[in-house]
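Heads up: the sequence lines are chains W and U, in that order. Quick note on numbering: the first sequence equals residues 195 to 306 in this note's numbering. Quick note on numbering: the second sequence equals residues -3 to 105 in this note's numbering. The C-beta atom is built at its ideal place from N, Cα and C for all residues, glycine as well. If you're wondering where the values come from, they're calculated on a predicted model, not measured in any experiment. Below: the structure, in structure tokens.
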Amino acid sequence: KAGVTQTPRYLIKTRGQQVTLSCSPISGHRSVSWYQQTPGQGLQFLFEYFSETQRNKGNFPGRFSGRQFSNSRSEMNVSTLELGDSALYLCASSLPGSYEQYFGPGTRLTVT
Amino acid sequence: GIQVEQSPPDLILQEGANSTLRCNFSDSVNNLQWFHQNPWGQLINLFYIPSGTKQNGRLSATTVATERYSLLYISSSQTTDSGVYFCAAAQGAGNMLTFGGGTRLMVKP
Chain W
195 KAGVTQTPRY LIKTRGQQVT LSCSPISGHR SVSWYQQTPG QGLQFLFEYF
245 SETQRNKGNF PGRFSGRQFS NSRSEMNVST LELGDSALYL CASSLPGSYE
295 QYFGPGTRLT VT
Chain U
-3 GIQVEQSPPD LILQEGANST LRCNFSDSVN NLQWFHQNPW GQLINLFYIP
47 SGTKQNGRLS ATTVATERYS LLYISSSQTT DSGVYFCAAA QGAGNMLTFG
97 GGTRLMVKP
């Protein structure tokens, strides 16, 4: 069974631009969560989607948003990029009724 | 929300040595996972262990939920065990993991 996939793997954007990252969960998984990893703040939860609905949200500004499609694929969008948004963005998925999460390889975003 | 703390922050071992990594959490949890982050950034699942003991080869883990801690044991360490080990926990509905700060392990040949 294929693992969680994320695209693109690497991205360079300029301050003020917006970016969209994509995550495809493991087949059969319906919950998708997003995390941001930075050297200063570590790994932090962004949001979780289940059956196309946001189920949990972390403490991030409204510039960070996400959505989930009917096939469980998820996208996250960051508008008006700031230098501090440079990070590794990780996506995880889990089966319905399970708490165990499986992570994708991540998207490394650099904002210049 | 819950707090998750890991110790030690850094660990250097000779190949073949054993080690114990600790994870303390501040409240009851329904999810406790250990991960190894590879050099490219991917989090590799090691254990899903909200309570009890599990073993997988040279690695084992124990979570004592009533005392709010979990331990990851690495026996006969190899250079390929190097990297950062994360503990993460969640409580309540949904999958909102709170991560510890990690333990950076270096195994020397």
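Among the options, nearest to residue i - alpha-carbon criterion
i: residue 65 of chain U; options: U:38, U:48, U:12, U:41; result: U:48
i: residue 59 of chain U; options: U:81, U:29, U:34, U:35; result: U:29
i: residue 279 of chain W; options: W:269, W:205, W:196; result: W:205
i: residue 3 of chain U; options: U:102, U:103, U:82; result: U:82
i: residue 98 of chain U; options: W:282, W:302, W:304, W:233; result: W:233
i: residue 70 of chain U; options: U:31, U:26, U:27, U:20; result: U:31
i: residue 36 of chain U; options: W:257, W:217, W:203; result: W:203
i: residue 62 of chain U; options: U:95, U:26, U:6, U:91; result: U:26
i: residue 286 of chain W; options: U:12, U:40, U:19; result: U:40
Alpha carbon of residue i to alpha carbon of residue j, nearest angstrom
i: residue 24 of chain U; j: residue 87 of chain U; result: 7 Å
i: residue -2 of chain U; j: residue 10 of chain U; result: 34 Å
i: residue 199 of chain W; j: residue 266 of chain W; result: 12 Å
i: residue 219 of chain W; j: residue 289 of chain W; result: 10 Å
i: residue 247 of chain W; j: residue 231 of chain W; result: 24 Å
i: residue 239 of chain W; j: residue 227 of chain W; result: 8 Å
i: residue 8 of chain U; j: residue 264 of chain W; result: 47 Å
i: residue 299 of chain W; j: residue 261 of chain W; result: 20 Å
i: residue 51 of chain U; j: residue 281 of chain W; result: 33 Å
i: residue 237 of chain W; j: residue 259 of chain W; result: 18 Å
i: residue 207 of chain W; j: residue 302 of chain W; result: 11 Å
C-beta contact flag for residue i and residue j at 8 Å
i: residue 93 of chain U; j: residue 17 of chain U; result: no
i: residue 321 of chain W; j: residue 243 of chain W; result: Not covered by the structure: residue 321 of chain W. The range shown for chain W is 195 to 306.
i: residue 57 of chain U; j: residue 0 of chain U; result: no
i: residue 22 of chain U; j: residue 73 of chain U; result: no
- prompt: Just by C-beta distance, which residues in the segment 208 to 228 of chain W are closer than 7 Å to chain U?
  reply: The residues in question are 225, 227.
- request: Would you be able to state if there are at least three C-beta pairs under 8 Å between the segment 247 to 255 of chain W and the segment 216 to 223 of chain W?
  value: Too few Cβ pairs lie closer than 8 Å, so no.
task: Specify whether the segment 205 to 214 of chain W and the segment 272 to 287 of chain W touch according to this definition: at least 3 beta carbon pairs, one from each stretch, less than 8 Å apart.
output: Counting Cβ pairs under 8 Å, three or more are found: they touch.
Contact residues within the segment 277 to 303 of chain W, judged by C-beta distance below 8 Å to chain U: Listed by position, the residues of the segment 277 to 303 of chain W near chain U (Cβ gap below 8 Å) are 282, 284, 286, 288, 293, 294, 295, 296, 297, 298, 299, 300, 302.
- prompt: In the segment 235 to 249 of chain W, which residues sit with their C-beta less than 8 Å from some C-beta in chain U, listed in chain order?
  reply: Within the segment 235 to 249 of chain W, the qualifying residues are 236, 237, 238, 239, 242, 244, 249.
message: When you compare the segment 72 to 79 of chain U with the segment 289 to 298 of chain W, are there three or more beta-carbon pairs, one atom per stretch, that lie closer than 8 Å?
response: No, the segment 72 to 79 of chain U does not touch the segment 289 to 298 of chain W.
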